[in-house]
Structures are given as structure tokens and as C-alpha cells.
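Residue numbers for the sequence shown follow the numbering used here, beginning at 186 and rising by one.
Worksheet for the structure shown next.
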Amino acid sequence: MGKIGRFACIFTPMALSLAAFICLILVFLGNWSKGDDNLTSIYFMKADLSEFRSNVSSLSSINIPGTDIDDDLLSALTTAANNNLSDTYTVGIWNYCSGNDNSTGGDQITYCSGRKASFWFNPVEVWGLNQTGAEELIPDKLDDGLKIYKKVANWMFAAYTVAFFATLAQLLVGIFAIFSRWGSFVTSIIASVATLFTIAASATATALYGTLVGTFNSVFKAYNIKASLGGKMMAITWLAVAFSVAAGLFWVLSTCCCSGKSERSSRKMTVEKTPYTYERVHSPFGGPADQQTSGTMPLRDMQGNKAQTAYEPFRHDNRV
Numbered sequence: 186m187g188k189i190g191r192f193a194c195i196f197t198p199m200a201l202s203l204a205a206f207i208c209l210i211l212v213f214l215g216n217w218s219k220g221d222d223n224l225t226s227i228y229f230m231k232a233d234l235s236e237f238r239s240n241v242s243s244l245s246s247i248n249i250p251g252t253d254i255d256d257d258l259l260s261a262l263t264t265a266a267n268n269n270l271s272d273t274y275t276v277g278i279w280n281y282c283s284g285n286d287n288s289t290g291g292d293q294i295t296y297c298s299g300r301k302a303s304f305w306f307n308p309v310e311v312w313g314l315n316q317t318g319a320e321e322l323i324p325d326k327l328d329d330g331l332k333i334y335k336k337v338a339n340w341m342f343a344a345y346t347v348a349f350f351a352t353l354a355q356l357l358v359g360i361f362a363i364f365s366r367w368g369s370f371v372t373s374i375i376a377s378v379a380t381l382f383t384i385a386a387s388a389t390a391t392a393l394y395g396t397l398v399g400t401f402n403s404v405f406k407a408y409n410i411k412a413s414l415g416g417k418m419m420a421i422t423w424l425a426v427a428f429s430v431a432a433g434l435f436w437v438l439s440t441c442c443c444s445g446k447s448e449r450s451s452r453k454m455t456v457e458k459t460p461y462t463y464e465r466v467h468s469p470f471g472g473p474a475d476q477q478t479s480g481t482m483p484l485r486d487m488q489g490n491k492a493q494t495a496y497e498p499f500r501h502d503n504r505v
């Protein structure tokens, strides 16, 4: 397999690595800015307060099944709703965005908070409940869940960051894998790191926001406040896992199975190492070879008519 074959062998894991990298880019761009509807539709969690707000005009007109008008938490939520509470809140890896329902039934994002590493969504602060003295009214279940969420969000952000840069390094180092199996070997190690952290980040995000959504729904269900996971974000992050795992497997295969040596040079080396066949060299003083009787040369006296004398091996001249 020559360089062209080696390139074809590297193309598959390189394409899979690129696909995983694009998915991770979308994870980091999700909920990035209010100016792009495609990006604001990519989020981890969504809190829908539209039904709650539609029933709130003042304390005297509250009519939400299963609640009590004397509920202090309901009073705090109502005060926040009358001030600046929005219909929907979406949570991304950097920030949150808020907006209101539009005429088509979708969400019109009107605000996105500043981007911050290791961001976590605090409804008490975002909804302005801390200004109504409702912090002490938050149920323990939600309060404990938010504390765990804050800690785990740091790890999740770090895992996504490592996965992002490891996948980028995998693409860059993978270029050298075209020329050598050693390049594939190094790339395989980097791919293993990228895959490990991509799986860890995706699993953490799924478990974290799945638990948070369940906590929100159990605490705020009586107030018609609903939470849900972001389907697009979950699909993208697990696609990144699938592409990353497949890329890692193909990088390992390129280390073991794809050689950059050409078949032509291999054949040339084989021919050069093949020994030649034996061919007898005919002597003018020997007899016929292979039953061929073409002109025998009998031994004759090289001295002509020299007189017969005793054999003297060191005698070369008649005068000696």
C-alpha cells in the first residue's frame, strides 16, 4: 500500500474526528446569542413559565389549581412575574437566554446573559426571587439540587473543554499520520483522551440536567412552571460521542493495518535479494559438458620439442 492507499486509510478517521469536532463546536455555540434562532434552539434545559404568567395579573386574580393564594412562595413568584419575569428560559454551557412566546407559538428570544465559564443557572437570582425575600422559602429539595448542580457544572465545563481541545489536537496530529504509522499511534493516544472526555462530558450533562429538570417539575408543578431537556443539544452531544468513538477505533486500525510502503519498492527489494542460478564456466582444458562434443581441446606440451627432464616446480627457464 503506497502513500495514496495510506491517505485513503487515514481519510475515514479524519472525517469522523472532524464530525465530532463540529458537534463540540455546536455544543459551545448553543444559546450563544439572541441574534441567531438556530443557535438559541440548542440548549441543555428549558424552563417554561408561560402558563404561570398567563394566569397572573395581580395577587387577587391568582387561579392556579393546587395552589394557595396565601402561599409565600407563590406570592414571591407573582411579584417577580409582575416585574420582569419572561415566558421561557433556556440554559446553555455559557449563559442563559430568555424570551416570550410569539404569535406562531414559538419562542422569541429577547435577552441573553453574559457568557461565563462554568456557568450554572440559578432561578432564585435570575427570576429575582432574592429581591422578594423568598430565598428562605425555596424547598430544601430544590436548594440541595442547586448546590449539587453548581459543583457538577464546573466539572462538566472542564470535561467539554478538554474534549474540544483534544479533538482539535487529534485533527492536527492526524495530518502526520498520512506519512507514518507512528503518526497514527500518537493520534490514537490523543483520540483516546478526546473520546474519554467527550463521553464523560455528555454523560454528566445528561445526568445533571435530567436530574435538574425532574427537580424543577416536582417543585414547581403546582405553579404550572414546567422544565424540559433540550432535545437538539442532547442529540448533538451524543453524536459527538458516536463520532469520537468511531474515529478512535479507525485510528487504531490505521496503526496496525495500513502501511505507507509501496508494492513496487517491495517487489524490487525481493528481486534484488533473489540469488542467481549456477552456470558452469567451460574450461579449455576440461572435457565436454552436458554431452556437448563441440571441439575438445586435448592437453599438449606447452614447451614444444623440449627434452624430457625431471619435474622441477621452481624451474621456469631453460637457462636456470
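By construction, the Cβ of each residue, glycine as well, lies at the ideal position given by its N, Cα and C atoms.
These numbers come from a predicted model, not from an experiment.
- In the DSSP assignment, LYS231 falls within the beta strand (DSSP E) that extends over 230-233.
- Counting only runs that start and end inside the stretch 195-228, the alpha helix (DSSP H) elements of at least 4 residues fall at 222-225.
- Taking a 10 Å sphere around the C-beta of ALA302, we find fewer than 16 other C-beta atoms and assign the residue as exposed.
- Just so you know, the alpha carbons of ILE210 and LEU393 end up roughly 20 Å apart.
- The beta carbon of ALA362 sits closer than 7 Å to the beta carbons of ILE195, GLY368, SER369, THR372 and SER439 from its chain, once the five residues preceding and following it are set aside; these are given in chain order.
- About 4 Å separates the beta carbon of LEU201 from that of ALA432, a gap short enough to meet the 8 Å contact definition.
- Residue pairing from DSSP places THR275 in a beta bridge opposite LYS231 and CYS282.
- Around the beta carbon of THR295, fewer than 16 other beta carbons sit within 10 angstroms, so the residue counts as exposed.
- Between the beta-carbon of THR275 and that of LYS231 there is about 5 Å, and that keeps the pair under the 8 Å contact cut.
- Within 10 angstroms of the beta-carbon of CYS442 lie fewer than 16 other beta-carbons, which makes it exposed.
- DSSP places LEU270 in the coil class of the three-state scheme, outside both helix and strand.
- Counting along the chain, no beta strand (DSSP E) covers SER298, and no H or E run does either.
- Taking C-alpha positions only, ASN307 is separated from SER235 by approximately 19 Å.
- For LEU414, the enclosing beta strand (DSSP E) has its first and last residue at 411-414.
- Under the three-pair Cβ rule at 8 Å, the stretch 413-425 counts as touching the stretch 217-233.
- Minimum Cα-Cα distance from THR380 among the listed residues SER283, PHE364, THR400 and LEU424 corresponds to LEU424.
- Contact between PHE435 and THR197 holds, since their C-beta atoms are separated by about 5 Å, short of 8 Å.
- Across the structure, ALA407 and GLY330 are spaced so that their CA atoms are roughly 18 Å apart.
- Taking a C-beta distance under 9 Å as the contact criterion, LEU262 and TYR334 do not qualify as a contact pair.
- In this structure, LEU270 places its C-beta atom within 9 Å of the C-beta atom of TRP312.
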